[in-house]
Structures are given as structure tokens and as C-alpha cells.
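As you go down the protein sequences, you meet chains A and V in turn. Position 31 of the first sequence, counted from 1, bears residue number 60 in the numbering used here, the numbering being contiguous throughout. Position 31 of the second sequence, counted from 1, bears residue number 37 in the numbering used here, the numbering being contiguous throughout.
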Amino acid sequence: QKEVEQDPGPLSVPEGAIVSLNCTYSNSAFQYFMWYRQYSRKGPELLMYTYSSGNKEDGRFTAQVDKSSKYISLFIRDSQPSDSATYLCAMKAQGGSEKLVFGKGTKLTVNP
Amino acid sequence: EAQVTQNPRYLITVTGKKLTVTCSQNMNHEYMSWYRQDPGLGLRQIYYSMNVEVTDKGDVPEGYKVSRKEKRNFPLILESPSPNQTSLYFCASRAGANYGYTFGSGTRLTVV
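Here it is, written out as C-alpha cells:
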């Protein structure tokens, strides 16, 4: 079983839709959870950073972590064509190691 | 502007010819890391550094070297590049345990 699983999509939605992106993981030591957005030919850009379980909201973006189910989600409200990108989840265990494990990314297209 | 700067952006080289990809950050970040991104495999961590003179292996360190002699710089060295090291490389840095990584714009390396 891979440490982090993410559906690669592609996912295509109309403008204004609510988008749900998800990752599952197997390593119960993961405590830090991140979502990155990557436009074509660009470096990943940090969207959300959460520690342990719970929700975090930032504008149109909401990140949820359910450690009991080993499942994290990113919701995008009122999606815009500018949200079209690949979304990557990433996770890290607590402690001294800086090992960061990424999902393979979900490609999202928001159609005008 | 706060940023992670990688050079070069594009590089074509021949098998066995030593090369260095430079990475510099102007945010006084403690942690720095190198990743490679390949289709179907996602982002994989090569090496990371938690401070000056402190480095450790990520998931795919074979064929790479790093050094952290100054806080701002974290070069990636390929002593004898091979075609399987053809990839898109990203350098990233972060301030500390409660922060996500800021990525550079990437270096596309082709080894022929």
C-alpha cells in the first residue's frame, strides 16, 4: 500500500462549482498536512497547512483532516477558471525528520 | 521579494559530465530540500537540510550530493549524471516546523 494515494483525475467542473479533492494515507505518524497548487511549468505553491485533525478555512479554500479515517480533503468554493491547475497533497510525520511525502496530484480544469 | 531561486532553469548535458544546480533563498529559512518530479511518479524528495552542515537523505538520494555550508544556499550536485536523472528538479525552503515549503521555479534537466 502506498503511503499517500491521490486520484489523478483529470477532474473537469463548470465555473462556480464546489470542488472536492482528496487524499488517503497509510502512515499513522503523519501529523502535518499540506495542499499545494501547481500551474503548468511552475513550482508548487502552498495553499493550506494544517496540523493534526480538524478544519482550516482560507477564503474559498477549506482543508479538512480526518486522522481516524486517514483521509484529507481540500474544498474549493465558487471555483474559477484560474483555479485550473494540479493539486498536490503532502504529509509529514512529527519529529526530527524532514521527510515530506507527496501525493501524485489531481489535475483540475474549471470551465468558463 | 521573498523567493527561492534556482539556476539554471534549463540544462542539457551529456552522461558523466559533473554538474551543479544552485539554489538560494532570501528568507533566512532553516530548512531546505530538493525534489524531483517525474510523470506518473509525482514529487519525490532527494535530500533535505535542517540547518547549516546538517543534511539527510530523502527517498531517492542515489546519484546526488548536496552541501549546506551557508544558510541561504543548498546546491544539488550530480557527480556523474545518467539519463535516468533526466527530470524536473525543485528546490524548496521553509522557516520551521509550523510552516509549509516555498518552492523555486524548477530546473528542467536532460541527460543525453
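Yeah, the Cβ is synthetic: ideal placement off N, Cα and C, and Gly gets one too.
Between the alpha carbons of Tyr37/V and Val27/V lies a distance of about 18 Å. Using a Cβ distance threshold of 8 Å, Ser39/V and Gly69/V do not count as a contacting pair.
Between Tyr41/V and Ala103/V the beta-carbon gap is near 19 Å, outside 8 Å, which marks them as no contact. Not a single unbroken stretch of the alpha helix (DSSP H) spanning 4 or more residues falls wholly within the stretch 45-75 of chain V. Phe104/A is not a Cβ neighbour of Ser41/A, given a cutoff of 8 Å. The beta-carbon of Gln51/V is placed less than 8 Å from the nearest beta-carbon of chain A. Taking Ala122/A as reference, the option from Ala46/A, Met63/A and Arg106/A with the minimal CA-CA separation is Met63/A. Here Phe109/V really is in contact with Gly72/A; their C-beta atoms are around 4 Å apart, less than 8 Å. One thing to note: Ser113/A has its Cβ within 8 Å of the Cβ of Thr138/A. Listed as beta-bridge partners of Gln35/A by DSSP are Cys52/A. Annotated as distal: Gln35/A and Gly124/A, with beta-carbon spacing of 8 Å or more. Here the alpha carbons of Val58/V and Met77/A stand approximately 27 Å from one another. Residues of chain A whose Cβ lies closer than 8 Å to the Cβ of Met56/V are, in chain order, Gly125 and Glu127.
Residues of the stretch 96-110 of chain A with a C-beta atom less than 7 Å from some C-beta of chain V do not occur.
Distance check between Ser30/V and each of Val72/V, Val10/V and Phe96/V places Val10/V closest, using alpha-carbon atoms only. Boundaries of the beta strand (DSSP E) around Gln31/V: Leu25 to Gln31. Taking all protein chains shown into account, Gln109/A has fewer than 16 neighbouring C-beta atoms within 10 Å of its C-beta and is therefore exposed.
In the structure shown, Ser111/V falls within a coil segment according to DSSP collapsed to helix, strand and coil.
A buried status is given to Ser55/V, since no fewer than 16 other beta-carbon atoms sit within 10 Å of its beta-carbon. In this structure, the alpha-carbon of Gln12/V lies about 29 Å from that of Gln60/A.
Around the beta carbon of Thr61/V, a 10 Å sphere encloses 16 or more other beta carbons of the protein chains shown; the residue is thus reported as buried.
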